[in-house]
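Counting from 4, one number per residue, gives the positions in the sequence shown under the working numbering. Taking it in order: structure first as structure tokens, then the write-up.
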Amino acid sequence: MNVLIQIPFTIIMLIFICQLSSPIAFAASTLGFLSVIFTEAIFNKGITMISGLSTLQAIDDPFLRILYPLPEFAFLGILYVILKSKRINIFKLFKTRLSNMLSARFDINILGAMLLPVFLTAIGFYYQYHLERQLPAGMWHLNSSFLFSSVGLTVILSLLLAWKMIMMNGQEALMEMQQVHISNLQDMMKIIKAQRHDFINHLQTIYGLATLDDIDNLKEYIGELYHDIRLTGDILQIAVPQLSALLLVQSGWASAHNISLRFKIESDLAKLQVPALDLVSVVSNLMKNAIEAVDSMEPAHRIIELRILETPHYYAIQTQNSGCIAPDIKNNIFDLGYSTKSNDSERGIGLASVKYLVEKYEGKVMVNSCQDSGTKFTVCYPKHIRRERPA
4 MNVLIQIPFT IIMLIFICQL SSPIAFAAST LGFLSVIFTE AIFNKGITMI
54 SGLSTLQAID DPFLRILYPL PEFAFLGILY VILKSKRINI FKLFKTRLSN
104 MLSARFDINI LGAMLLPVFL TAIGFYYQYH LERQLPAGMW HLNSSFLFSS
154 VGLTVILSLL LAWKMIMMNG QEALMEMQQV HISNLQDMMK IIKAQRHDFI
204 NHLQTIYGLA TLDDIDNLKE YIGELYHDIR LTGDILQIAV PQLSALLLVQ
254 SGWASAHNIS LRFKIESDLA KLQVPALDLV SVVSNLMKNA IEAVDSMEPA
304 HRIIELRILE TPHYYAIQTQ NSGCIAPDIK NNIFDLGYST KSNDSERGIG
354 LASVKYLVEK YEGKVMVNSC QDSGTKFTVC YPKHIRRERP A
């Protein structure tokens, strides 16, 4: 009967505190309670064998009754550490990490869940010792000062260990993000070198058309070449090199996959008070979402537009594609774990990460979608952020 109450309560906590989708919260709760039941069956049997008491007799003993759940909590903690260190992901939700702060927020939720049993155990000791006086005679020397000092020390050590794990996780996520940016910069250098190499070929073609006096084809060829050069120049004028690298790489990738990627760069973002790592994460996820939206469309409709502009009070980044989002889906797309693709290996992470990283710097993200004009995501960052934020 207790389990029937605990499982729904745990599911509700996972949905509203950890912001997981209902199916994932249900699966996590079920697996967690199965682990507890399995551990309880093993450790309880061991305790009864060591103490020589039956399970009912052990439960009737106040001291053993307090100790009974501790092996279960220890087992869950060890299981979590092993899964974390080995990067074994039970749910595909966590296959790709969020930003270091979003991942740390999830770890803090786990930290609270792990400290709760310690708190409950302390309350149990207090109840048994101070109210019922039912502890075994040999335990009377453990007075309240020693008891609460031990519990306090345990909590402090747990906090220090958990904080160290959170910091290590944040550093690891930061290193992974830096590796992505290094890869983008390397790809940008390859693109620039390729353009320099192709420049000679373009000159030879122009010279040949001029020699043949083919003016119409010459004008058309120069017009296409000028468009590509101007596009690259506009991207390189952005004051965030990491973002320029990302857009150049995305442009080359889209061209290779027959996707028309158009840029309107009306601001260099020179005074944007957002770290490059977080800005690139936002734009990268928006671009990925737009590419996925048009990837299965006919070539004539595979069009994506990225616009960067500024107003007197805001910097704005917009992505627009020819796809359409249903109204009932649009209300949930920013929820962590929500996805319209059942086979998505990174379910519901991208847009949830975008919302978190934008609001982190007092910005806002909006989405408009209709059948005629397609889907437009707009990210707005204020030009003056009131609070200093960590990079």
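Every residue gets a Cβ at the ideal spot worked out from N, C-alpha and C, and that includes glycine. Here the structure is a predicted model, which is why all the values come from computation and not from measurement.
Beta-bridge partners of Cys373 (DSSP): Gly377.
Annotated three-state conformation of Val382 is strand, per DSSP. Nearest to Tyr384 by alpha-carbon distance, out of Asn371, Lys358, Gly377, is Lys358.
A straight-line Cα-Cα distance of about 18 Å links Thr314 and Gln240. Between the alpha carbons of Ala248 and Gly353 lies a gap of roughly 20 Å. Counting the other CB atoms within 10 Å of its CB gives Ala296 a total of 16 or more, which places it among the buried residues.
In the same chain as Ala329, and ignoring 5 residues on each side of it, no C-beta atom comes closer than 7 Å to its own. Between Phe41 and His304, the alpha-carbon positions lie close to 54 Å from each other.
By the neighbour-count definition (other C-beta atoms within 10 Å, threshold 16), Phe380 is a buried residue.
A Cβ-Cβ separation of about 17 Å leaves Tyr224 out of contact with Thr235 under the 8 Å criterion. For Gln276, there is no enclosing alpha helix (DSSP H), since its DSSP letter is neither H nor E. Taken atom to atom, the span from the alpha-carbon of Lys367 to that of Ile294 is near 22 Å. Comparing alpha carbon positions, the residue from Val39, Leu56, Asp63 closest to Ala77 is Val39. Residues Thr51 of the same chain have their beta carbon placed closer than 8 Å to that of Ser57, with the five preceding and five following residues left out of the count. Under the three-state reduction of DSSP output, Tyr364 falls in the coil class, being neither helix nor strand. Residues of the same chain with a CB within less than 6 Å of the CB of Glu308, apart from the 5 flanking positions on each side, are Arg265, Gln323 in chain order. Excluding its 5 nearest sequence neighbours in each direction, Ala273 has C-beta neighbours in its own chain below 7 Å: Ala242, listed in chain order. The closest CA to that of His316, considering only Ser325, Asn261, Lys386, is found on Lys386.
Nearest to Tyr318 by C-alpha distance, out of Ile388, Gln181, Val370, Met178, is Ile388. In the DSSP assignment, Leu264 falls within the unbroken beta strand (DSSP E) covering 263-268.
Residue pairing for Arg310: DSSP places it in a beta bridge opposite Lys267, Gln321.
Residue range 244-259 is occupied by the alpha helix (DSSP H) that includes Leu251. In this structure, the alpha-carbon of Asn371 lies about 26 Å from that of Ala279. With fewer than 16 other CB atoms across the displayed protein chains lying within 10 angstroms of its CB, Ile218 is exposed. For Ile332, the enclosing alpha helix (DSSP H) stretches over residues 330-333.
Looking from the CA of Ser376, the closest CA among Ile306, His205, Asp298 belongs to Ile306. Taking every protein chain shown into account, the CB of Val277 has 16 or more other CB atoms within 10 angstroms, so this residue is buried. Under the three-state reduction of DSSP output, Glu301 falls in the coil class, being neither helix nor strand. Counting other Cβ atoms within 10 Å of its Cβ, Asp281 reaches 16 or more and is therefore classed as buried.
Annotated as proximal: Phe36 and Ile10, with beta-carbon spacing under 7 Å. Distances from the CA of Arg310 to each of Lys333, Cys327, Pro302, Val286 were compared; the closest alpha carbon is that of Val286.
Here Leu251 is not near Val283, since their CB atoms are 7 Å or more apart. Annotation: Asp338 to Lys193 spans about 37 Å, alpha carbon to alpha carbon.
Counting the other Cβ atoms within 10 Å of the Cβ of Leu206 gives fewer than 16, which makes it exposed. DSSP, reduced to helix, strand and coil, places Gly55 outside both helices and strands of the structure shown, so it counts as coil.
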